[in-house]
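Asker: Those protein sequence lines, which keep their order, are chains B, S, L and D. Take 2 as the starting number for the first sequence in our numbering and just add one per residue. Take 2 as the starting number for the second sequence in our numbering and just add one per residue. Take 2 as the starting number for the third sequence in our numbering and just add one per residue. Take 2 as the starting number for the fourth sequence in our numbering and just add one per residue.
There are 4 protein chains.
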Amino acid sequence: MVVTRHWRRIVKADREGRRGFASPPSVATTIGGPTALELLERLTGGGIMPHAQQILETHPRTLGVAPGPLVACIDACFDCAQSCTACADADLGEPDVETMIRCIALCHNCSDICISTGRVLSRQTEFVPQVARVALQACIEACRLCGDECERHAQHHEHCRICAEVCRICEQACADALKALPT
Amino acid sequence: MVVTRHWRRIVKADREGRRGFASPPSVATTIGGPTALELLERLTGGGIMPHAQQILETHPRTLGVAPGPLVACIDACFDCAQSCTACADADLGEPDVETMIRCIALCHNCSDICISTGRVLSRQTEFVPQVARVALQACIEACRLCGDECERHAQHHEHCRICAEVCRICEQACADALKALPT
Amino acid sequence: MVVTRHWRRIVKADREGRRGFASPPSVATTIGGPTALELLERLTGGGIMPHAQQILETHPRTLGVAPGPLVACIDACFDCAQSCTACADADLGEPDVETMIRCIALCHNCSDICISTGRVLSRQTEFVPQVARVALQACIEACRLCGDECERHAQHHEHCRICAEVCRICEQACADALKALPT
Amino acid sequence: MVVTRHWRRIVKADREGRRGFASPPSVATTIGGPTALELLERLTGGGIMPHAQQILETHPRTLGVAPGPLVACIDACFDCAQSCTACADADLGEPDVETMIRCIALCHNCSDICISTGRVLSRQTEFVPQVARVALQACIEACRLCGDECERHAQHHEHCRICAEVCRICEQACADALKALPT
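(1) Against chain L, with Cβ distances strictly below 7 angstroms, would I116 of chain S count as a contact?
(2) Which value, in whole angstroms, describes the spacing of the CA atoms of C171 of chain D and P68 of chain B?
(3) Taking just the CA atoms, how far does C144 of chain B sit from A89 of chain D?
(4) Can a CB atom of chain L be found closer than 7 angstroms to the CB of L122 of chain B?
(5) Name the chain B residues whose beta carbon is nearer than 8 angstroms to that of D113 of chain L?
(6) State the CB to CB distance for the pair I56 of chain B and I163 of chain S, rounded to an integer number of angstroms; the pair is presumed to be in contact (CB under 8 angstroms).
(7) Would the segment 99-111 of chain L and the segment 119-133 of chain L be scored as touching if the rule is three or more Cβ pairs under 8 angstroms?
(8) Please list the partners that Q83 of chain L has in chain D, where partner means a Cβ-to-Cβ separation under 7 angstroms.
(9) With a threshold of 6 angstroms (Cβ to nearest heavy atom), would R62 of chain S be considered close to the ligand FAD?
(10) Could you work out which residue in S:H160, S:S84 and S:D113 is closest to A133 of chain D when comparing CA atoms only?
(11) Between which two residues does the alpha helix (DSSP H) harbouring D97 of chain S extend?
(12) Look up R62 of chain L in the DSSP assignment and say whether it is helix, strand or coil.
(13) Is Q125 of chain B helix, strand or coil by DSSP?
(14) Compare the Cα-Cα distances from H158 of chain S to each of S:T126, S:V129, S:A181 and S:L93 and report the closest residue.
(15) Taking the CB atoms as reference points, tell me whether T149 of chain S and P70 of chain S lie closer together than 7 angstroms.
(16) What does a CB cutoff of less than 6 angstroms around A136 of chain B pick up in its chain, not counting 5 residues either side in sequence?
(17) Please check if any C-beta of chain B sits within less than 7 angstroms of the C-beta of L93 of chain D.
(18) Along the chain, which unbroken stretches of the alpha helix (DSSP H) at least 4 residues long are found entirely within the segment 125-181 of chain D?
(19) Quick one: what does DSSP say A67 of chain L is sitting in, helix, strand or coil?
(20) Compare the beta carbon distance of D80 of chain L and H52 of chain D with 7 angstroms and say whether it is the shorter of the two.
(21) I think V72 of chain B touches Q54 of chain B, with their Cβ atoms under 8 angstroms apart; what is that distance to the nearest whole Å?
(22) Please tell me whether C115 of chain D and C78 of chain D are closer than 7 angstroms, where the distance is taken between their beta carbons.
(23) When you compare each of D:C175, D:R169, D:C161 and D:L182 to A87 of chain D by their alpha carbons, which one comes out closest?
(24) Work out the CA separation of M101 of chain D and A155 of chain D for me, nearest whole Å.
(25) With 16 other CB atoms within 10 Å as the buried threshold, where does L64 of chain S fall?
(26) With a threshold of 7 angstroms between beta-carbons, can P25 of chain D be considered close to chain L, or not?
(27) Out of curiosity, what's the CA-to-CA distance linking C168 of chain S and R62 of chain L?
(28) Measuring CA to CA, which of D:A165, D:C151, D:C175 and D:Q125 is closest to I141 of chain D?
(29) At the level of alpha carbons, what is the spacing between D97 of chain B and A139 of chain S?
(30) Whole angstroms are fine: how far does the CA of Q173 of chain B sit from the CA of V129 of chain L?
(31) Roughly how many whole angstroms lie between the Cα atoms of A91 of chain S and E99 of chain L?
(32) So what does DSSP say about M101 of chain B, is it helix, strand or coil?
(33) How is T31 of chain D classed by DSSP in three states: helix, strand or coil?
(34) Quick one: Cα of V66 of chain L to Cα of E58 of chain L, how far?
(35) Taking Q131 of chain B and L146 of chain L to be in contact with their CB atoms under 8 angstroms, please state how far apart those CB atoms are, rounded to whole angstroms.
(36) Between A133 of chain B and chain S, is the shortest Cβ-Cβ distance under 7 angstroms, so that the two count as touching?
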C-alpha cells in the first residue's frame, strides 16, 4: 500500500537524521479512536509536507502578511497548481475526453495562475501589496471557475472531485490572504 | 503562535465539512510521549498537505512510474520550487546580500527546474519516460548544486539550512523516481 | 558583432530551407536612408521572431479575442517575462545591488505573472473571458509597478531602461487585449 | 488583416516615441524585389520582437556563453514555450482530439521545460555551466520528441506543422548553446 510504503520512507529518512520529518510516532501511545499513525496518515496522505512555514519563520524581514494566512495561501497555491496539472492530464486519459475540454482549459489556466500567485506571496523582501492584491484576485477567480467546472464532473471522475476540493481550499486561502493584506 | 493559529484554522475548516482536512485529533487519546496534536503539528508544521497522491490514485490510466516514488518526487519538486523561491527572496533581505548572489542564482534556477519537473511527472496520460528521464536528471543536478551552496550558508542563515534540506530531499526523491522509470 | 553573427545564422538557416525565417534581404534594394538590412536588424535586434501569430492563424476554433490585440499581448507577455528575469539577474550583478532589491522583487513577480498571463491568452479552445480578464488586470498592474521601479534606475542601469520599456509595451498590450475581450 | 493592423500599431507606437521599435520604413526606399515593408512583415509576422539581446548587451558581468548562441537559445526557448502551449490548446479543439493526446502531453512538457531552460540561460550573474548543461540537455530531448510527434500530424494540422518547426529551431538553438558552454 502506497501510504505505508511512503510512511516507511519517511520513518527511514528520519532514522538517518534528516531534519524536517517527524519522528516515527509510537502506535502504542493512543487509546481508542484513531491511532496517531492513522491520524498522521489521514492528514498527510503519505506525502511530503511543504516547508513554506519553516522558511518564512526564518525570514530576515518583517512579513507583509500575517504568517497564518500567508503560509496557508502559499501551500494552497502550490498544491492547487499541482492538482490542476494532474487533473487536466487525467481528463485527457478519460474515454469522454471531448466533454472534458473546458475542464482541461480551466485547469491549465488555474495551475499557471496558482504558480505565479504562490511565488508572488513567497517573496516577502520588498513585499508590494498592490501586486499581491491583483495576483490574489486573479487566483480567486481562476480557482472559483475551475472548481465550478471540476464539480460538474465530480460524480463520474474522482480526480475532478478532489481537484474541485483543492480549488475551493485555494480560493478560500487566497481570500483569507487578501483580507490580511495591509491597506 | 503560528502553528496553533493555523491548526485552529484547519480544525475550523474541518468543522465546516471541508473534505481533505483531517478530523481534529482528541488530545486525550494519547498517553505519555508527544500528544497526537504535537505529532501532527510537528509533522505538518501547520501547513496544508499536498493532494498529489489522492489525484494520482484516481488516474484513469496505468501510471508510468510506481506510485510511491512518483508521489514523493512530485511533492518534493513542488515543495523545493517554493522553498527555493522563498530562500532566494530571504537572501535578498540579508545584510550580506553581496555574498549571497550565487545562492540566489542557484535557488532561482532550481525553483524553475523543479516546477517543470514536478509538472512533467504529474502528467501520466501518455507518459514518455525519455522526457521524464532528462527532466529528472536536470532536477537532480540543480538540487545538488543548490543544496551545496545553501549548505555553505546554513550556519548563518537558517533559511539556507532549511532550503538545503529541502533540496536534498528533492534530489533524493528525483533519484528514486529515476530508478523507478521503465527502461 | 552579435547582430551580424546572428543575422548570418538566420540567413544560413533560410538557405537550409527552414520555413519561418525571412529570405535574406538584398542590401542593394534600398537607396538612401537605412538599408533594408539595417531596418531589419534595428527591428529584430538579431533575435528570433515569435510564432504566436502563425499558430493562432491556424487555430481550429474561433478566437475569443481579435487576433491583432491577442497576438500583440501574447508576444509582449513572453517578451516581458524574459526581460524581467534578465533584468532581475543583471541587478544582482551591479555594485549597488542593495539599492536594487525592490527592483529585483518587482521584476520576479512581473515575470511570473507575465508567463501565466501569456499562457492563459494562448489558450483559445474554451476561452473563458473571466479568467483572461483577471489575468490581464494582474499583468497590467505588475507591469506598471515594475516599469515604474525600473524607470527610477534607467539613468544608471541600461538594462533597467530597456526593461521599463518592455514593461510599458506589455502593460499597453494587456490593456488593449482587455478592451478587446467579449463582455 | 492582422499583419497590417499590427504593423500600424508598431508604427503608431514609434511615432509616440517608444524606443525599442523600428522607425517606420519608407516604402519608397526600395527598388524592385520585395519592399522593406514587405521584408519586415515577412520577417516579423506582425509580432513584437523579443528584447533578450538588448538586455544581455547591457549586462554588468561577462556573459558565460557567447552572446550569439545565447540570445538565439533564449529567444527560441520562450518562443517554443508559447508555441507548445498554443499547439496543445489547438489540439484540444480538433475533432480528432482522441488521436492528439500524446501530442498534447509532449507539448505541455516541452513548454514547461522550455520556460525553465530559457530562464536558466537568461541568468548570467553567477552563471553555473553545470546547471545550464542539464537544462539544455533536457530541453533538446523534450523539443526532439515533441517535434517528432507534431511532425506526425503536420499533414492534417497546420498548427502542428508550425509547432514542429519551432521545436526544431529550439532543439538546434539549445544544441548550439550547449556547444558554446565553457567546459
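Glycine included, every Cβ here is placed at the ideal spot set by N, Cα and C.
Answerer: By the coordinates alone:
(1) no
(2) So the two alpha carbons sit approximately 42 angstroms from each other.
(3) Near 21 angstroms, if we compare the C-alpha coordinates of C144 of chain B and A89 of chain D.
(4) no
(5) I116, S117, R120 and V121
(6) 5 angstroms
(7) Because the criterion of three Cβ pairs below 8 angstroms is not met, the segment 99-111 of chain L and the segment 119-133 of chain L do not touch.
(8) P51, A53, I75, F79, G119 and S123
(9) Questions concerning the ligand FAD fall outside what the structure shown contains, since it holds no ligand whatsoever.
(10) S:D113
(11) Note, D97 of chain S: premise wrong, no alpha helix (DSSP H); not H, not E.
(12) coil
(13) coil
(14) S:L93
(15) Checking the sequence, you will find Asp at residue 149 of chain S rather than Thr. Not a contact, by the Cβ cut-off of 7 angstroms.
(16) T118 and V121
(17) Answer yes: the Cβ-Cβ gap between L93 of chain D and chain B drops below 7 angstroms somewhere.
(18) 130-153 and 159-181
(19) coil
(20) yes
(21) 4 angstroms
(22) yes
(23) Each of D:C175, D:R169, D:C161 and D:L182 was checked against the Cα of A87 of chain D, and the nearest Cα belongs to D:C161.
(24) 12 angstroms
(25) exposed
(26) Note that P25 of chain D scores 32 on pLDDT, short of 50, meaning its location in the model is unreliable; the coordinates nonetheless yield the value given after this. For P25 of chain D, the answer is no, since every Cβ of chain L falls outside 7 angstroms of its Cβ.
(27) Whole-angstrom Cα-Cα distance: 43 angstroms.
(28) D:C175
(29) Taken atom to atom, the span from the alpha-carbon of D97 of chain B to that of A139 of chain S is near 35 angstroms.
(30) 21 angstroms
(31) Rounded to the nearest whole angstrom, the C-alpha separation of A91 of chain S and E99 of chain L is 13 angstroms.
(32) helix
(33) Low confidence applies here, because T31 of chain D scores a pLDDT of 35, under 50, leaving its location unreliable; read the following figure in that light. If DSSP states are grouped into helix, strand and coil, T31 of chain D belongs with the strands.
(34) 12 angstroms
(35) 6 angstroms
(36) no
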